[in-house]
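Undergrad:
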Amino acid sequence: LASALVLAPMTAMAAGKTVGFSQIGSESGWRAAETTVTKQQAEERGVTLKFADAQQKQENQIKALRGFIAQGVDAIFLAPVVATGWDSVLEEAQDAEIPVILLDRKVDADPSLYMTAVTSDTVYEGEVAGNWLKDKMAGKDCRIVELQGTTGSSPAIDRKKGFEKAIADASNLEIVRSQTGDFTRAQGKVVMESFLKAEGAENICALYAHNDDMAVGAIQAIKEAGAKPGEDILVVAIDAVPDMHLAIANGEANATVELTPNMAGPAFDILDAYWKDGTMPEKWVQTESKLYTQDDDNNAIYEMKKSLGY
Ligand code: GYE
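Those letters in the sequence shown? Residues -14 to -1, 1 to 296, by mature numbering (1 follows the signal peptide of the UniProt record, and there is no 0).
#1: How is residue 345 classed by DSSP in three states: helix, strand or coil?
#2: So is the beta-carbon of residue 107 under 7 angstroms away from any non-hydrogen atom of the ligand GYE?
#3: Check whether the segment 221 to 238 touches the segment 249 to 267, counting contact only when three or more Cβ pairs, one atom from each stretch, lie closer than 8 angstroms.
#4: Go to residue 47, then tell me how far its alpha helix (DSSP H) extends in each direction, as first and last residue.
#5: Return the chain-ordered list of same chain residues with a C-beta closer than 8 angstroms to the C-beta of residue 97, the five sequence neighbours on each side being excluded.
#6: Please classify residue 276 as buried or exposed, where buried requires at least 16 neighbouring CB atoms within 10 angstroms.
#7: Ordered along the chain, which non-local residues of its own chain (more than five positions away) have a Cβ less than 7 angstroms from that of residue 209?
#8: Drop a sphere of 10 angstroms on the beta-carbon of residue 199, count the other beta-carbons inside from all chains shown, and report buried for 16 or more, exposed for fewer.
#9: Among the residues of its own chain, which have a CB less than 7 angstroms from the CB of residue 295, if the five just before and after it don't count?
#10: Quick one: is residue 25 near chain B, going by C-beta distance under 8 angstroms?
#11: How is residue 171 classed by DSSP in three states: helix, strand or coil?
#12: Report whether the distance from the Cβ of residue 197 to the nearest heavy atom of the ligand GYE is below 7 angstroms.
#13: In whole angstroms, what separates the C-alpha of residue 222 from that of residue 196?
#14: Within 10 angstroms of its Cβ, does residue 285 collect 16 or more other Cβ (buried), or is it exposed?
#15: How about residue 13: is its Cβ closer than 7 angstroms to a heavy atom in the ligand GYE?
#16: Where residue 213 and residue 258 are concerned, what is the direct C-alpha to C-alpha distance, given to the nearest angstrom?
#17: Just to confirm, is the Cβ distance from residue 169 to residue 8 under 8 angstroms?
#18: Residue 99 and residue 81 look like a contact to me (Cβ under 8 angstroms); what is the Cβ gap, rounded to whole Å?
#19: Checking the sheet assignment: what are the DSSP bridge partners for residue 35?
#20: Are there 16 or more other CB atoms within 10 angstroms of the CB of residue 274, so buried, or fewer, so exposed?
#21: Is any non-hydrogen atom of the ligand GYE found closer than 7 angstroms to the C-beta of residue 228, if you look at the structure I gave you?
#22: Am I right that residue 112 and residue 146 are in contact with their C-beta atoms under 8 angstroms? What's the rounded C-beta distance?
#23: Quick test of your reading: residue 42 and residue 75, contact by CB under 8 angstroms. State the CB separation rounded to the nearest angstrom.
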């Protein structure tokens, strides 16, 4: 350990560099945690981070990237709000020889236009959620409502695909309504209210939300409709943010798939290796996806994540 510590500064090539980070916004608790962790990581590594909040707008992200290129940053982190429409600005970064690393979401562009993507397997996350529900219902009929993430974003597309794949062979499970809640708590609540009104709470067996924030908003709507979330209507989502652990601990939610907010750590490691001796990473660096249920000590996990600055 001691020698590893002594060696650290020599290998930390990112120290003294400037990295521009185009963040989507602050739509979810997970997103806020990612912003916090990215800033912490930059500080610990002696990197100057130029942070730009795009307020959910791709045009703001493209402007931010052009600004970073004009300033001559050493590298760019991009969390792309939607998957399409990035080719031109990525070409501009490439022409300027500035490596771009995608964080947490992917783009539909030629992979040669970016260095790598640090993300979870978002299709797999949907599969984990779908398999959990399939096992839980074990042959019993279940009418599901789905809250999708931001339209056109890679996690919304993939998490829908993965869940549908998992339940494809289960004729007892059926998605009866599916609409975007834009990954926010407020929209999750509003859209869940409309689902409850249209279907009647007693005709909904489960909610699948593409992130925890929408689930937490929906839980409120379910309670206001006089039903018990976690019992009358099962709740499964993705992210594993502290508030979801609390909801699971309280019996108001059932399961969530963890997404680490630390995408920047691996991204800085990649830049270190690249700046040290030109090592190129794989095109995709995958983070873990762990399922949490009511079998876990969610109160303890809540406390632990809170203490980490979530
Ligand atoms: O799950 C959600 C956030 O891009 C994978 O974005 C990420 C998602 C995350 O708003 O909470």
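We put the CB at the ideal spot given by N, CA and C, even for glycine.
Keep in mind that this is a model prediction, so the values were computed, not measured.
TA: In short, the structure shows the following:
#1: Absent from the model: residue 345. The displayed extent of the chain is -14 to 296, so no value can be given.
#2: Here residue 107 refers to the residue found at position 121 when the sequence shown is read from its first residue. Result no, Cβ not under 7 angstroms from the ligand GYE.
#3: no
#4: What you label residue 47 is simply residue 61 of the sequence shown in a count that begins at 1. Its alpha helix (DSSP H) spans residues 44 to 57.
#5: Numbered from its first residue, the sequence shown carries residue 97 at position 111. The residues are 269.
#6: As a position in the sequence shown, residue 276 is number 290, starting the count at 1. It is exposed - the Cβ of residue 276 has fewer than 16 other Cβ atoms within 10 Å.
#7: To locate residue 209, count along the sequence shown from 1; it is residue 223. Cβ within range, chain order: 215.
#8: Counted from its first residue, the sequence shown places residue 199 at position 213. Answer is buried; the Cβ neighbour count reaches 16.
#9: Translated into positions along the sequence shown, residue 295 becomes position 309. Non-local C-beta neighbours of residue 295 in its own chain, meaning closer than 7 angstroms and more than five positions away in sequence, comprise 22, ordered along the chain.
#10: Given the protein chain composition of this structure (a single chain), no chain B is represented.
#11: Locating residue 171 in the sequence shown gives position 185, where the first residue counts as 1. Residue 171: helix per DSSP, three-state reduction.
#12: Along the sequence shown, one-based indexing puts residue 197 at 211. Indeed, a heavy atom of the ligand GYE lies less than 7 angstroms from the Cβ.
#13: In the sequence shown, the residue the question calls residue 222 occupies position 236. In the sequence shown, the residue the question calls residue 196 occupies position 210. The alpha-carbon atoms of residue 222 and residue 196 are separated by roughly 9 angstroms.
#14: Within the sequence shown, the letter at position 299 stands for residue 285. So residue 285 counts as exposed.
#15: By 1-based counting over the sequence shown, the position of residue 13 is 27. Within the cutoff, so yes.
#16: The residue you call residue 213 lines up with position 227 of the sequence shown. The residue you call residue 258 lines up with position 272 of the sequence shown. Looking at the two C-alpha atoms, the distance is approximately 52 angstroms.
#17: On the sequence shown, position 183 is the one that residue 169 refers to. On the sequence shown, position 22 is the one that residue 8 refers to. Contact: no.
#18: Residue numbering aside, residue 99 sits at position 113 when the sequence shown is read from its first letter. Residue numbering aside, residue 81 sits at position 95 when the sequence shown is read from its first letter. 11 angstroms between Cβ atoms; not a contact.
#19: In the sequence shown, the residue the question calls residue 35 occupies position 49. Paired residue(s): 5.
#20: Reading the sequence shown from its first residue, position 288 is the one you call residue 274. Answer is exposed; the Cβ neighbour count stays below 16.
#21: As a first step, residue 228 must be located in the sequence shown, where it is residue number 242. Checking every heavy atom of the ligand GYE against the Cβ of residue 228, none is found closer than 7 angstroms.
#22: In the sequence shown, the residue the question calls residue 112 occupies position 126. In the sequence shown, the residue the question calls residue 146 occupies position 160. With 8 angstroms as the limit, residue 112 and residue 146 qualify as a contact, their Cβ atoms being about 7 angstroms apart.
#23: The residue you call residue 42 lines up with position 56 of the sequence shown. The residue you call residue 75 lines up with position 89 of the sequence shown. Not quite, the Cβ-Cβ distance comes to about 17 angstroms (not below 8 angstroms), so this is no contact.
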